[in-house]
Amino acid sequence: MLKVKLLGLIFFCLINSNAIFALTIKGDFLQGAVIRGSVEPGEKIQFNQRWLSLSEQGEFVFGIGRDAPANLTLVVYKNNQQKQHQFAVKKRQYNIQRVNGVPQATVEPSKAQQERIAREAALVGKARKEDLGLSNFMEDFKWPVVGPISGVYGSQRIYNKIPGNPHYGVDIAMPVGTPVYAPAGGKVTLVHSDMFLSGGTLILDHGQGLSSTFIHLSKILVKEGDLIAQGEKIALVGKTGRASGPHLHWAMNWFSERVDPQLLVGNMPK
Ligand SMILES: [Zn+2]
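For the sequence shown, the working numbering begins at 232 and goes up steadily by one.
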């Protein structure tokens, strides 16, 4: 086996007597990461026993969860042969963040509000199930808004002194009306002007289950079904839903797995 690490790209070339397996991987294996890569024509690949979709060029993507175990497995298949790859997943430390001043009903919703939250979550879940044949997930992702980061992925959140779910996204604090630009191209799969917790909500699907969700928006400038290019203006920052002030919350998913957008875009530009 030949293993070469070059500028964050890892190439594996496995040669045996009957078949050649080639796997290219881009991304570090750590909790919350999005991993992109490709296999050679004729090859198929499984991640943790799930078949990955492949583009015409053999490109694939998958996400590693916030609390993923220390090891994961990729298996490349060609003809009747297979090669297993084990990867160590780096564990991350998540902080605790206290957020005060959000509307109390968003922390202690009534029965009717809980039902509304469940209905809206089902719409979001349905949009995130899509497995679109788009390859925008391979693009070089850009920050949708440039500004101060006020919340990071993974934090244990305490809202108005009541523990909530971990924070699955990155928050960028900017005034209401600040433009939000598409971090990569994709198809709009959900537009909702007023969800109970997330307010103005927009989902942009980048293909093969990788999607961006933008919430607390004051205005959405696109509609469901629109195909969007990277850098297009898609929405305006707001403070709708469970927000204590104006900011963009940008979440990313690989299907239902919640991943960290910040790992895809790197440092915030100055
Ligand atoms: Zn947030």
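Each residue gets a CB set at the ideal place from its N, CA and C atoms; glycine is no exception. Every value quoted in this text rests on a predicted model; they were computed, and no experiment measured them.
Query                                                                                                          : Result
Inter-residue Cα distance where the pair is Asp259 and Leu495                                                  : 10 Å
Span separating the alpha-carbon of Phe427 from that of Gln328                                                 : 21 Å
beta-carbon Gly400 near ligand 1 non-hydrogen atom, thresh 7 Å                                                 : yes
Run of the alpha helix (DSSP H) containing Gln493, from where it starts to where it stops                      : Gln493 to Val496
Contact belief for Gly395 with Ile389 at Cβ below 8 Å, rounded distance in angstroms                           : 7 Å
Through-space distance from Gly438 to Phe291, alpha-carbon basis                                               : 9 Å
Pick from Val306, Lys357 and Ala474 that is closest to Asp402, judged by C-alpha positions                     : Ala474
Length of the line joining the Cα atoms of Lys360 and Asp436                                                   : 10 Å
Three-state secondary structure (DSSP) of Arg350                                                               : helix
Ala301, enclosing beta strand (DSSP E) - first and last residue                                                : Run containing Ala301: none; DSSP gives neither H nor E here.
Gly173 Cβ short of 7 Å to ligand 1 heavy atom set                                                              : In the structure displayed, the chain extends from 232 to 501; residue 173 sits before or after that span and is not available.
Neighbourhood of Gln493 by C-beta, 7 Å cutoff - its chain only, sequence neighbours within 5 removed           : Val383, Tyr384 and Val401
Status (buried if at least 16 other CB within 10 Å, exposed otherwise) for Ser487                              : exposed
Residue nearest to Gln280 in terms of C-alpha spacing, selected from Arg297, Ala264, Ile459 and His316         : His316
Sequence-distant residues of the same chain with beta carbon closer than 6 Å to Gln288, five excluded per side : none
Three-state secondary structure assigned by DSSP to Arg281                                                     : strand
C-alpha gap between Arg323 and Gln262, whole angstroms                                                         : 6 Å
Cβ contact (3+ pairs, closer than 8 Å) linking the stretch 400-420 and the stretch 457-471                     : yes
His423: CB within 7 Å of a non-hydrogen atom of ligand 1                                                       : no
Leu237 (DSSP reduced to helix, strand or coil)                                                                 : Here the model assigns Leu237 a pLDDT of 42, short of 50, so the residue's position is not dependable and the matter cannot be decided.
The stretch 437-452 touching the stretch 354-372, judged by at least three CB pairs closer than 8 Å            : yes
Terminal residues of the beta strand (DSSP E) in which Ala319 lies                                             : Gln312 to Ala319
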